[in-house]
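Only one structure is covered here, and it is reproduced in the block below.
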Amino acid sequence: MAIYMDHSATTALSEHALQEMMPYFHEEYGNPSAIYGYGQTGKNTLEKCRQRIAGCIGALPTEIFFTSGGTESDNWAIKGVCRRRKDRGKHIISTAMEHNAVLRTLQQMEEDGFEVTYLIPDHNGHITPEQLEEAIRPDTVLVSIMMANNVVGTVLDIKELVKTARRHHIPFHTDAVQAVGHIPVNAHDLGVDFLSLSAHKFNGPKGVGALYCRLSSPLQPLLAGGGQEKGMRSGTENIPGIVGMTTALEDAVTSMKSNTEYLKGLQERMISGVLAIPGVRLTGDPENRLPGFCSFVVEGIPHSVYVVNEMNERGVCVSSGSACSAASREASHVLVALGYGKSEAGSSIRITLGTDNTQEDVDYALRALRDSIHKVRSEKPAGLI
Ligand code: PLP
9 MAIYMDHSAT TALSEHALQE MMPYFHEEYG NPSAIYGYGQ TGKNTLEKCR
59 QRIAGCIGAL PTEIFFTSGG TESDNWAIKG VCRRRKDRGK HIISTAMEHN
109 AVLRTLQQME EDGFEVTYLI PDHNGHITPE QLEEAIRPDT VLVSIMMANN
159 VVGTVLDIKE LVKTARRHHI PFHTDAVQAV GHIPVNAHDL GVDFLSLSAH
209 KFNGPKGVGA LYCRLSSPLQ PLLAGGGQEK GMRSGTENIP GIVGMTTALE
259 DAVTSMKSNT EYLKGLQERM ISGVLAIPGV RLTGDPENRL PGFCSFVVEG
309 IPHSVYVVNE MNERGVCVSS GSACSAASRE ASHVLVALGY GKSEAGSSIR
359 ITLGTDNTQE DVDYALRALR DSIHKVRSEK PAGLI
């Protein structure tokens, strides 16, 4: 069995979540919109899950809308706010290091006549309130800035950024897909208007997530249809998925303190071990980073995919940036945004640890990484970038 160290890409469904989901596939399968008993059981389950999810992220149940995952939540928040507020202006502020679920959505908005300001993070992946303040214009209708970055693991100070946007009465969306279930997230405390989360990042099932929408924040539905989710998100609700997500998130929140402690221990061991390899540097904020998140650039290799392949040969799953762009062999746009040169940005290795990893796994992976980097450096395969 391979050692899995790519938990930011996705996680295994927890046994507990799986058990809780099972009855909803073939016993309690009623459509929650139906008025007979089966349907009402589904409806009750759905509303209980909404309450429980809200409890996990410091929100009210009426502020939680179920979606098909992080990508849909990001698309919905951006398109839903901009379309609703287009009469007030057509300017959006975001950053150059967002996930493609946000960046590609913003590109679509540009095609629709919106103008986007992409704030440039500092070398560690932070955006300052002053940068945001400077970018705000009278026609700004939305700010969208991620809570934790998926390539370097930096955790941003969203609360401070929200204060700036609030002073100008501009709605604030945060992509918290990498944060929820891993670090404390309290929507009311942060003050955000919209927050995206995705179940498969915290041992829930794939293809389900949620969008937090603060009461009375402006949002237009993205999907038209049967009027589910109070007319805001049509489509029959994925009850087994929602049950699995709820169970996984409650478990993640309950054990967050001990998980964080455990992961920080492994993370320190991994980072200090990797940094002992000559020509390797840590990326992202050395302090404010997600627990278990280790990311590096490696000198003297043509591209990180070679190292990732060598690691795979040695039975360790790591990534060359984010899963979505792992196959593209391009330089990571995040590292370019952080000021790394094109070839450095193509040499990024991401090792994201989970509670299923052990100290022995870390030690094995360190040996494998040393050997893999050495092999790629000495063989010097033709560069791809
Ligand atoms: N946003 C971030 C920061 C992510 O890391 C991801 C997934 O990797 C997404 C959005 C997309 O989430 P999903 O896979 O649920 O569509």
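Residue numbers are given in this note's numbering: position 358 of the sequence shown equals residue 366, and the series is strictly consecutive. Just so it is clear, CB atoms sit at the ideal spot from N, CA and C, and this is done for glycine as well.
Helix, strand or coil at residue i [DSSP, three-state]
{"i": "G50", "result": "helix"}
{"i": "D14", "result": "strand"}
{"i": "I393", "result": "Annotation note: pLDDT 43 at I393 (below 50); position unreliable, no value reported."}
{"i": "F33", "result": "helix"}
{"i": "V185", "result": "coil"}
{"i": "R58", "result": "helix"}
{"i": "H177", "result": "coil"}
{"i": "R289", "result": "strand"}
{"i": "T262", "result": "helix"}
{"i": "Y126", "result": "strand"}
{"i": "L219", "result": "strand"}
{"i": "S41", "result": "coil"}
{"i": "T113", "result": "helix"}
{"i": "A104", "result": "coil"}
{"i": "V313", "result": "helix"}
{"i": "H196", "result": "helix"}
{"i": "V324", "result": "strand"}
{"i": "A331", "result": "Its pLDDT being 46, under 50, A331 is placed unreliably in this model, and the value from its coordinates should be taken loosely. If DSSP states are grouped into helix, strand and coil, A331 belongs with the helices."}
{"i": "H99", "result": "strand"}
Proximity to residue i [Cα-Cα], best of the options
{"i": "Q367", "options": "V124, L274, T125", "result": "L274"}
{"i": "I191", "options": "V216, V200, L219, G161", "result": "G161"}
{"i": "L68", "options": "P248, G215, D197, H176", "result": "D197"}
{"i": "G249", "options": "I43, T53, P226, M9", "result": "T53"}
{"i": "M117", "options": "A20, I86, V288", "result": "I86"}
{"i": "V163", "options": "A109, Q186, R112, D147", "result": "Q186"}
{"i": "Y348", "options": "A156, D165, L223, F304", "result": "F304"}
{"i": "H15", "options": "S152, L298, E318, Q228", "result": "L298"}
{"i": "T255", "options": "T18, A25, M9", "result": "A25"}
{"i": "G233", "options": "A17, Y32, S41", "result": "S41"}
{"i": "M154", "options": "I128, P129, A184", "result": "A184"}
{"i": "V200", "options": "V151, T291, G300", "result": "V151"}
{"i": "C64", "options": "T113, R92, H382, A218", "result": "A218"}
{"i": "L169", "options": "D147, V149, T148, E138", "result": "E138"}
Rounded Cβ spacing between residue i and residue j (contact assumed at less than 8 Å)
{"i": "M13", "j": "V326", "result": "5 Å"}
{"i": "G121", "j": "K98", "result": "6 Å"}
{"i": "N194", "j": "G38", "result": "Between G38 and N194 the Cβ distance is about 33 Å, and since that is not below 8 Å, they are no contact."}
{"i": "L271", "j": "G212", "result": "Their Cβ separation, rounded to whole angstroms, is 18 Å, which puts L271 and G212 out of contact at 8 Å."}
{"i": "G4", "j": "K209", "result": "With the chain running from 9 to 393 in the structure shown, residue 4 is simply not present."}
{"i": "Y314", "j": "E71", "result": "Not quite, the Cβ-Cβ distance comes to about 46 Å (not below 8 Å), so this is no contact."}
Worksheet item: Three or more beta-carbon pairs under 8 Å between the segment 371-378 and the segment 129-148, yes or no?
Response: no
Worksheet item: Would the segment 338-349 and the segment 101-121 be scored as touching if the rule is three or more Cβ pairs under 8 Å?
Response: yes
Practice prompt. Inspect the CB distances between the segment 345-362 and the segment 136-145 and report whether three or more fall short of 8 Å.
Written response: no
Worksheet item: Does the segment 271-287 come close enough to the segment 304-313 to have 3 or more Cβ pairs within less than 8 Å?
Response: Inter-segment contact for the segment 271-287 and the segment 304-313 is present: three or more beta-carbon pairs are separated by less than 8 Å.
Discussion item. Under 8 Å, with one C-beta from each stretch per pair, do the segment 169-176 and the segment 40-49 reach the 3-pair mark?
Written reply: no
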